[in-house]
Each structure stands twice: as C-alpha cells, then as structure tokens.
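Visitor: Here it is, the structure in full.
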Amino acid sequence: MALVVLGELVAVPVAYAREATSEQALTGTPEERLAALGIELPTPPAPVANYVRAVTTGNLVFLAGHGPLKPDGTYVTGKLGKDLTIEEGYEAARFTAIAMLASLKAEIGDLDRVRRIVKVTGMVNSDPAFTQQPKVINGCSDLLVSIFGDQGKHARAAVGMASLPIGIAVEIEMVVEVE
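Spelled out as structure tokens, the structure:
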C-alpha cells in the first residue's frame, strides 16, 4: 500500500496504518489535520448519474456513494480477493474518504462545522470467497478518526458486493452531523 504524503508515495503496511496518524494530526482544525497528513482535497467528483453528491436536511448531511478517486483523477478498479489485495483495498477506501471530504466541504463550506461522523456504509467489490471487507473499509474509518478525533468515530457497515459501478473497488456513503 502506498499513501500520498506531501506529494510523495510512502509505503505503509496496513498493520501500521493507525500509527501513521501522529499526535500532530490530532491538534488543530480538521483542515490543519489534513494538511499535517499531506492531504490536499481534490475538486469534488461529479456524479456519474442522476443524483447529487450531498443533501443537507436539518443538521445532517447525507453524502451519496463515492468511489476511490486517485490523485490523477482515475478510480481504483477491481475486485478484492481476485484483482486487489487487502492493502490495495484499504488505500482505495482511504481515497474514497478523501473524495467524500471534498464533497462534504463543498456542501458545508468548512470542515470545522462537522460535529460528528454518524454513519459510514462501505461496499466492497468482492470475489465470492473474500470476507475481509471490514479491513478494507478501515482505510476510510481510520482516516476519519485521524482528521476528526473522537467525533470521527462512527457506526458502520462493511459489506461485499458482486459488482460496483464502473468496476470501482469500493463505494462508500456517509452521514455527517454538522453545526
């Protein structure tokens, strides 16, 4: 697995992914935490069908399913357990979290408004024998906790799917409480 840190690819084994979030990443605002981790939010991805990226109702933001958008603008594709390893799936889920944060920021204007990540639903494009979906979706969950601390801890589902749109490796949707 490779993570983008300050524009460079750095190999980080899944076992150490949580340790990759330093104490520095847990201070400051969410935007400062992203910067400390070397993450620059991309332009939010355009919907691929007839829907919107996010809907706000009351103090909840519902983010549509997002895919693993890489920094070069392409998506991570393939089936876990056949084409991709758990580590590659973890990285795909992390890319998906970054894409969702870009859409969230576009919707609410400032990530400081996030009160809590409420729910994450992760769908993993899986070979029938693949059963490690939770380890894959940890790529999203670990990043959210490193950015939002305790407010980033959330309820979650991680399920296997026979296929996903355009062959993407993961699709994740999220519910966020905002101020």
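Residues are numbered in the numbering used here as their position in the sequence shown, beginning at 1, plus a constant of 19.
Heads up, the beta-carbon is just placed ideally off N, CA and C, and yes, glycines get one too.
Fair warning: this is a prediction, and the values are worked out from it, not measured in the lab.
Just list the residues that DSSP pairs S165 with in beta bridges.
Guide: The sequence position of residue 165 within the sequence shown is 146, counting from 1. Partner residues in a beta bridge of S165, as assigned by DSSP, do not exist.
Visitor: Which residues in the same chain as V74 place their Cβ atom closer than 6 angstroms to its Cβ, once the five residues preceding and following it in sequence are excluded?
Guide: Residue mapping note: residue 74 aligns to position 55 of the sequence shown, counting from 1. Within its own chain, the residues whose Cβ lies closer than 6 angstroms to the Cβ of V74, once the five positions on either side in sequence are excluded, are F81, listed in chain order.
Visitor: For A121, I'd like the list of residues in its chain whose CB is within less than 8 angstroms of its CB, leaving aside the five on either flank, ordered along the chain.
Guide: Working through the sequence shown from its first residue, we reach residue 121 at position 102. Only L60, P61, T62, P63, P64 meet the Cβ criterion.
Visitor: Tell me the rounded alpha-carbon separation between C159 and A68.
Guide: Locating residue 159 in the sequence shown gives position 140, where the first residue counts as 1. Locating residue 68 in the sequence shown gives position 49, where the first residue counts as 1. Their backbone Cα atoms lie some 23 angstroms apart in a straight line.
Visitor: Could you give the distance in angstroms between the alpha-carbon of T150 and the alpha-carbon of N144?
Guide: For the purposes of this step, residue 150 is identified with residue 131 of the sequence shown, where counting begins at 1. For the purposes of this step, residue 144 is identified with residue 125 of the sequence shown, where counting begins at 1. Each residue's Cα considered, the two are about 11 angstroms apart.
Visitor: Grouping DSSP H, G and I as helix and E and B as strand, with all else coil, what is V95?
Guide: Along the sequence shown, read from residue 1 onward, the residue named residue 95 stands at position 76. It is coil, neither helix nor strand.
Visitor: By the three-class DSSP mapping on this structure, what secondary structure does A55 have?
Guide: Reading the sequence shown from its first residue, position 36 is the one you call residue 55. Residue state, collapsed to three classes: helix.
Visitor: Does the count of Cβ pairs from the stretch 79-97 and the stretch 176-193 closer than 8 angstroms reach three?
Guide: yes
Visitor: Taking the alpha-carbon of V197 as reference, which of L88, K154, P184, K124 has the nearest alpha-carbon?
Guide: Here the question's residue 197 lines up with position 178 in the sequence shown. Answer by Cα proximity: K124.
Visitor: Taking C-beta to C-beta, are A188 and V95 nearer than 8 angstroms?
Guide: In the sequence shown, residue 188 corresponds to position 169, counting from 1. In the sequence shown, residue 95 corresponds to position 76, counting from 1. Contact flag set, yes.
Visitor: When you compare only the Cα positions, how much space is there between I200 and D169?
Guide: There is no way to answer for residue 200, as the model of the chain reaches only from 20 to 198.
Visitor: Which residues does DSSP pair with I191 in a beta bridge?
Guide: Indexing the sequence shown from 1 puts residue 191 at position 172. Bridge partners of I191 according to DSSP: H85, G141.
Visitor: Could you round the C-beta distance between L130 and E50 to whole angstroms and report it? I think they count as a contact, below 8 angstroms.
Guide: As a first step, residue 130 is located in the sequence shown; it is residue number 111 there, counting from the start. As a first step, residue 50 is located in the sequence shown; it is residue number 31 there, counting from the start. Yes, L130 and E50 are in contact; Cβ-Cβ is about 6 angstroms, under 8 angstroms.
Visitor: To the nearest angstrom, report how far apart R132 and E107 are at their CA atoms.
Guide: The residue you call residue 132 lines up with position 113 of the sequence shown. The residue you call residue 107 lines up with position 88 of the sequence shown. Those two C-alpha atoms are separated by around 31 angstroms.
Visitor: Within 10 angstroms of its Cβ, does G47 collect 16 or more other Cβ (buried), or is it exposed?
Guide: Position 28 of the sequence shown holds residue 47. Under this definition G47 is an exposed residue.
Visitor: Given that a residue counts as buried once 16 or more other Cβ atoms are within 10 Å of its Cβ, and exposed if not, what is A111?
Guide: As a first step, residue 111 is located in the sequence shown; it is residue number 92 there, counting from the start. Label assigned to A111: buried.
Visitor: Is the Cβ-Cβ distance between Y109 and V139 less than 8 angstroms?
Guide: On the sequence shown, residue 109 is found 90 positions in, with the first residue counted as 1. On the sequence shown, residue 139 is found 120 positions in, with the first residue counted as 1. Not in contact: Y109 and V139 (Cβ atoms no closer than 8 angstroms).
Visitor: Check for me: the beta strand (DSSP E) holding T48 runs from which residue to which?
Guide: As a working mapping, residue 48 is identified with position 29 in the sequence shown. It is not in any beta strand (DSSP E) - T48 carries neither H nor E in the DSSP assignment.
Visitor: At the level of alpha carbons, what is the spacing between E126 and V71?
Guide: By 1-based counting over the sequence shown, the position of residue 126 is 107. By 1-based counting over the sequence shown, the position of residue 71 is 52. The alpha-carbon atoms of E126 and V71 are separated by roughly 10 angstroms.
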